Structures are given as C-alpha cells and as structure tokens.
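Colleague: Please see the structure below; I have some questions.
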Amino acid sequence: MDDILLLDAIERYLSGEMSAEERSYFENLRKTTPEIDQMVVEHNMFLHQIADYAANIQIKQTLHEVHQHLLERGDLNEGGALSPKGKVIQFWNKYKRVTAIAASVGGVIALFISGLAMYFSTSVNDPKLEQLGKDLEVVKKNQQAQVNIINEVTSKIPTNARLLSGGSGFLVDPKGYIVTNAHILKGTGAIVVNSKGAEFKSSIVLIDHDKDLAILKINDEEYESVKSIPYSIQKSNSSLGEEIFTLGYPRNEIVYGMGYLSAKTGFNGDSLSYQIQISANPGNSGAPVFNKNGEVIGVLSTRQAQADGVAFAVKSKNIHSIIEDLKKSDTAFRKVKLPSKSSLKGVERKTQITKVEDCVFFVKAYTK
Amino acid sequence: MKGDTNEQALLKGLAHNDSKAVEIIYKDNFNMIQAFILNNNGSYDEARDIFQEAMIALYEKSQSDSFVLTCQIKTYLYSICRRLWLKRLQQMGRFTGSIDGFEETVAVEEDWENHEKRNAEFAIMDRALNSLGEPCKSLLQGYYLKKMDMNALAAEFGYTNANNAKNQKYKCLMRLKKLFFSQYNIGE
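Chains as they are written, first to last, in my numbering: chain A, 720 to 1087; chain B, 803 to 990.
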C-alpha cells in the first residue's frame, strides 16, 4: 500500500500536479532519501518509455492509414494486388481527357489528309480508273483457247515461270528498246511477241511508276533490228480534237482502234496525260497513240471505269524524259536515240498500219 | 544544405503526428523508395515496410528539441531506406554484392543506431505489456496509450470508483515496470 502511495506521489510530482507546499516537501524527501530519489529517476524514465511507445504505435497507425488512403486514391501503386483499382484503370482515369482530345485531333487530321489525298491523287489505283494491262486469267484463257498455237511455238518464257500480266509496247530505238506501261510489268521479267507471233526475251532496263512508263530491252539472238522506225515521238503537246489511232494487243492478235484527243489533261486534271476518246480494252495498256501523221503523241495507259470510251494516255514528252533518265543511268545506254522523223505523213492509214505493226509488241510479264 | 521552410513545416507536422503532413511527405517520397526496393530484389510489401520504418526514424529524430535536418527529407529517407534494405538483404542472404541506386546519400549511422535502440526498447515494452495479462494490459493501455481519464477507465472496467481503478493501475504498473526493467537491463 505504501508503494502505491509513493508511486502516486511520484507521478503527481512528475506531472506537476502537486501543490507548491507538497512539492517542496517531496523535493526535500528526495534529497534526504536516496532510495526515493532513485525511484523518481527510474519512474520518470519509465514513463518516458511508455509515452514513446505510445507515440510509436500512433505514428505507425498514421502511416498505415495514410498508405491506405493514398493507395485508394491511386497516388500509390502496388502492382494492383492491394489496390482496388487496376494500374491501367488508374492510368486511364488520369489520361482519359488527354486521350480523348488526342484521338479526336488525330481523327480529324486523318480525315483531312485522306480527303486531300483523294482530291489530288491521280493514282491508277483509283476505282474509277482501270489499268488496261491484262491479268493472268485473261492470258491464261487465251492460252487455253489457242492451245494448238502455243504447242507449236516453243515459248521463251522460262520454265516454272508464272505469267502475271500482258499488255502492249512499241519500239523507240531499232536496237530493241521498247516503251510500255510500268503497271504491266508486275513480275520479274518479260517477253515480247511481235505481230507475227515470234517471241523474244527481254529485260526491264528502266521503270518509272510515277509516269507509269517503263523501258524494256530485247536480249535475243533471234531478234533482227528493224532498219528504221517509221514513226517519231512527239515532243510538244497535241491539240484538242486531233485525230488519233492506236495499235495494241487486247487479244493475242494486234488490234487497231481510232478516236480523237478529247482533253489536254488526264483524270482529275493529271497534267502528265491526255484524255482520249477511243475504244480501249485490257491489253491496250502500253500501246502507242499516233496522230494522223504517224507521230507518237502518247502511251495508252488507263480508262475511266464508268464512262464508255474515255481513256487516258501518258504524254509522249514523258518518253523523252525517261530516255534521258535511262541514258544517265548507265553508259551502255548512251547511244539510245529516239526516232525524230516520221515517214508516215500523208500516207494512207492501211499503209501506215502495215509499216507500224512490226514495231508494236505484245508484252507478257512473268515471275519466276 | 538546409531544408527549406516548407520542409521545416512538414517536419514540424510530422513531429506532432499530423496526418496531413505525413501524407504530403509520404506522397512525395514513397514512389522513389518503392522503385528502389523493387529494383533491388524487393517486393511491394517490403517496400512499404522499409519506407514506413524510415518515416518512423525521421519522426523520432524530429522529436528531439535540438533537431535540425541538414539535408532534404528525400535524401534523408533514401539514405535510411538504403541502409535498412542493405541490412535486410544481408539477413535474408539475398544480397548479391551490389545495390543499385543513384540518389545522393547522407551519413545516417548515428540516427540509425539510435532508431535500432528505440526499436529494441519498444519490443521489450511490447513483450512486457503482453505478458501482463488482463485486465492489467488493457487498463495500462487505456491510461497511458489512449490517455483515458481515471473515471472513464473505472466505468469501462467496472471499478466502483476512480480511486480503486487508480490503485489497480499502480499495481499493474509496478508489475510492468518490473518486467520491463528485467528485460531492459539484460538488453543493456
């Protein structure tokens, strides 16, 4: 019981609850009784221990609460294991406005650019345009139909090679340089067939997809250079209403067609080509377009899908520019020379055709 | 470098166990420590333990009257965590010889030893309190930890008056003191 009273006195003393009189009495007691003094020191220390212990528990509690709070708010992330919201969801919540704005800006820009591209593009991939190259199936059918002929003539197409497409082409240099459309040459090589059905091996020496023009070179011992090319390649532009004719291979046989020049620009104002009124079919691609004097004014390339007789020809001055490109590309091509004079002026159409047909070839593209 | 006034205010808040200040310090520093622990073979749980331990060390430091933090809170916490995690890794035998982290550190050895000592004392107190048995444990917890007043305690524990409760509390306290000091002095 005395211990408890003493303890109570010490606690009251330490917490300052004693009256001044009691306090001075107690301090006197401490001085005269070392045991009591020791007890006071010890108890003081112990009370501090308990107080610190209590504070430690409280700060731990605070930290725990803060941690949970921040976790719930998404300021902390513990791999989603303890978090009520997933990492992705937190990320989404944080950035959903930014994402929405970015997505709509992106969408608007995409629409705008595709609109621009649609407006300016004169691409032959346009559904309104048809390239006049013949695809594999057409050629195949013809091959099947004409099986006898094919059996008689040993084809120059390498074995195991697959025919891809066909079109027309015409000589621009007697040594065997042929101009055709780039879009015909889908495969790795091509053979050319003349109007008499003789096949010659050829290689692609230049291809320009922008102009849709290509140059083939006949590499065949059986090929005999023509003496001269009867037509010239026009450098200037032709006039509206000019009468035109073409020779090409929409079938395995050379086909004549005629019409007139209907516009100075091509599809959607494409300045690289003319619009012409002519009956054109797949296989006519790459065929020369002549004026009545026998000058090549263009290369037949595409037709408008929903308009009958509306076709487009790449302007002949582009032939001049790709020949220049070819000369620059290799010294071997330095001697390539375009025919400059037409010998067909004032000549009857039938005679013109007879002279020209030997220079127009059926182009068959294949891939190995 | 002396912490700026904002940090001083935060530390003052921490010293008084102000949850607002604790939250700001927590939010500003936890992610860095978590990344450090995760990058060095630790788990999310371990990151939380280590960080809270460092916060307690900082809290203890802030209690002292002569307390001055000579660096940024961030640097201090990182230094403590690094020291603590190194020790944990060694204890668990997971230490691979190097520890990645490019933050600036300050010497925390003294504070660290102090903190360890405090932890040891708290562990003794905890054991002593738990071996008291009821109702002593709850009575002392009510008075010293929850700071309840004697009348309220008497009512809660069913003593007829506050004086009886007080007597009982002293008896319990004497037992606790005995238990504590027997352990404490061995520890010394």
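Glycine residues also receive a C-beta, built at the ideal position from the N, C-alpha and C atoms.
Treat the numbers as computed from the prediction; the structure is a model and nothing was measured.
Starting from the Cα of B:Leu941, find the closest Cα among B:Lys971, B:Gly895 and B:Trp914 and give me that residue.
Modeller: Nearest C-alpha to B:Leu941: B:Lys971.
Colleague: Mind checking B:Thr872: buried by the 16 CB within 10 Å criterion, or exposed?
Modeller: B:Thr872 should be labelled exposed.
Colleague: Does the CB of A:Asp722 have a neighbour CB from chain B at under 8 angstroms?
Modeller: Yes, A:Asp722 lies at the interface with chain B (some Cβ there is under 8 angstroms from its Cβ).
Colleague: For a test of the three-state rule: what should DSSP assign to A:Thr1073, helix, strand or coil?
Modeller: A:Thr1073 falls in the helix class under three-state DSSP.
Colleague: Can you name the residues of chain A whose CB is closer than 9 angstroms to the CB of B:Met976?
Modeller: Result: Asp722, Ile723 and Leu726.
Colleague: Got a sec: is the Cβ-Cβ distance from A:Val785 to anything in chain B below 8 angstroms?
Modeller: It does; some Cβ of chain B falls within 8 angstroms.
Colleague: Could you check if A:Phe831 is buried or exposed, using at least 16 other CB atoms within 10 Å of its CB as the buried criterion?
Modeller: A:Phe831 is exposed by the Cβ-count criterion.
Colleague: Check whether the Cβ atoms of B:Tyr878 and B:Val908 sit closer than 8 angstroms, and answer yes or no.
Modeller: Taking 8 angstroms as the Cβ cut-off, B:Tyr878 and B:Val908 qualify as a contacting pair.
Colleague: Give me the Cα-Cα distance between A:Ser1020 and A:Ala1030, rounded to the nearest whole angstrom.
Modeller: Straight-line Cα distance between these residues: approximately 8 angstroms.
Colleague: A:Ala982 to A:Phe889, Cα distance in whole Å?
Modeller: The straight-line gap from Cα to Cα measures roughly 24 angstroms.
Colleague: Can a CB atom of chain A be found closer than 8 angstroms to the CB of B:Lys889?
Modeller: Chain A, which has no Cβ nearer than 8 angstroms to the Cβ of B:Lys889, makes this no.
Colleague: Nearest to A:Tyr993 by alpha carbon, out of A:Gly1002, A:Asn1000, A:Asn1010 and A:Gly908?
Modeller: It is A:Asn1010 whose Cα lies nearest to the Cα of A:Tyr993.
Colleague: Leaving out five residues on either side along the sequence, give the residues of the same chain with a beta carbon under 7 angstroms from the beta carbon of A:Ile1041.
Modeller: So the qualifying residues of the chain are Leu925, Asp927, Lys930, Leu932 and Ile934.
Colleague: Taking the alpha carbon of A:Ser1061 as the point to measure from, which residue in A:Tyr838, A:Pro949 and A:Thr907 has its own alpha carbon closest?
Modeller: Answer by Cα proximity: A:Pro949.
Colleague: Alpha carbons only, please: which of A:Asp989, A:Asn987 and A:Gly1028 is nearest the one belonging to A:Gly976?
Modeller: Measuring from the Cα of A:Gly976, the nearest candidate turns out to be A:Gly1028.
Colleague: Strictly by DSSP, which residues pair up with A:Gln996?
Modeller: DSSP lists A:Tyr979 and A:Val1029 as partners of A:Gln996.
Colleague: May I ask you to verify whether the segment 902-921 of chain A touches the segment 1070-1082 of chain A, counting CB pairs closer than 8 angstroms and requiring at least 3?
Modeller: These segments touch.
Colleague: So which residues of chain A does B:Ile852 contact, with C-beta pairs closer than 8 angstroms?
Modeller: Per Cβ cutoff of 8 angstroms: no residues; B:Ile852 is ~12 angstroms from chain A at best.
Colleague: With 8 angstroms as the threshold, decide whether the Cβ of A:Leu789 is near any Cβ in chain B.
Modeller: Yes - at least one Cβ of chain B is within 8 angstroms of the one on A:Leu789.
Colleague: Going along the segment 940-955 of chain B in order, which residues come within less than 9 angstroms of chain C, judged by CB to CB distance?
Modeller: Given the protein chain composition of this structure (A and B), no chain C is represented.
Colleague: Does the segment 778-789 of chain A come into contact with the segment 839-849 of chain B, if we say contact requires no fewer than three beta-carbon pairs (one atom in each stretch) closer than 8 angstroms?
Modeller: They do not touch, by the three-pair rule.
Colleague: How big is the Cα-Cα spacing for A:Asp939 and A:Phe919?
Modeller: Answer to the nearest angstrom: the Cα atoms are 6 angstroms apart.
Colleague: Would you identify the three-state DSSP class for A:Glu962, choosing helix, strand or coil?
Modeller: A:Glu962 falls in the strand class under three-state DSSP.
Colleague: Measure the C-alpha to C-alpha separation of A:Leu801 and B:Ala930 and round it to an integer number of angstroms.
Modeller: Low confidence applies to A:Leu801: its pLDDT is 44, below 50, so where it sits in the model is not reliable enough to give any reading.
Colleague: Using a Cβ-Cβ cutoff of 8 angstroms, what residues of the segment 768-781 of chain A are near chain B? List them in chain order.
Modeller: Within the segment 768-781 of chain A, the qualifying residues are Gln768, Ile769, Ala770, Asp771, Tyr772, Ala773, Ala774, Asn775, Ile776, Gln777, Ile778, Lys779 and Thr781.
Colleague: Against chain B, does A:Phe831 count as a neighbour if the rule is that its beta carbon must be under 8 angstroms from one of theirs?
Modeller: No, A:Phe831 lies away from the interface with chain B (no Cβ there is under 8 angstroms from its Cβ).
Colleague: Thinking A:Pro893 and A:Ser944 are a contact (beta carbons under 8 angstroms), I'd like their distance in whole angstroms, please.
Modeller: So it is a contact: roughly 5 angstroms between Cβ atoms.
Colleague: Please name the residue in B:Arg977, B:Ala811, B:Cys938 and B:Gln943 whose C-alpha comes closest to that of B:Gln874.
Modeller: Checked all of B:Arg977, B:Ala811, B:Cys938 and B:Gln943; the closest Cα to B:Gln874 is B:Ala811.
Colleague: What are the boundary residues of the beta strand (DSSP E) that includes A:Ala1084?
Modeller: Val1079 to Thr1086 is the extent of the beta strand (DSSP E) around A:Ala1084.
Colleague: Helix, strand or coil for A:Ile973, going by three-state DSSP, please let me know.
Modeller: It is coil, neither helix nor strand.
Colleague: Is the beta carbon of A:Gly906 sitting closer than 8 angstroms to the one on A:Ala1084?
Modeller: Contact: yes.
Colleague: Note down the Cα distance separating B:Ile926 from A:Ala773, rounded to an integer number of angstroms.
Modeller: For B:Ile926 and A:Ala773, the distance between alpha carbons rounds to 13 angstroms.
Colleague: Can you tell me the Cα-Cα spacing of B:Glu809 and B:Lys876, whole angstroms?
Modeller: Taking the straight line from one Cα to the other gives about 10 angstroms.
Colleague: Between the Cα of A:Gly1013 and those of A:Ala1026, A:Ala739, A:Ala1032 and A:Phe964, spot the shortest distance and give me the residue it belongs to.
Modeller: For the residues A:Ala1026, A:Ala739, A:Ala1032 and A:Phe964, the minimum Cα distance to A:Gly1013 belongs to A:Phe964.
Colleague: What do you get for A:Ile828, buried or exposed, if any count of 16 or more other CB atoms within 10 angstroms of its CB means buried?
Modeller: Classification of A:Ile828: exposed, given that the 10 Å Cβ count is below 16.
Colleague: Along chain B, in chain order, which residues have C-beta atoms closer than 8 angstroms to that of A:Asp794?
Modeller: Chain B residues near A:Asp794: Lys829.
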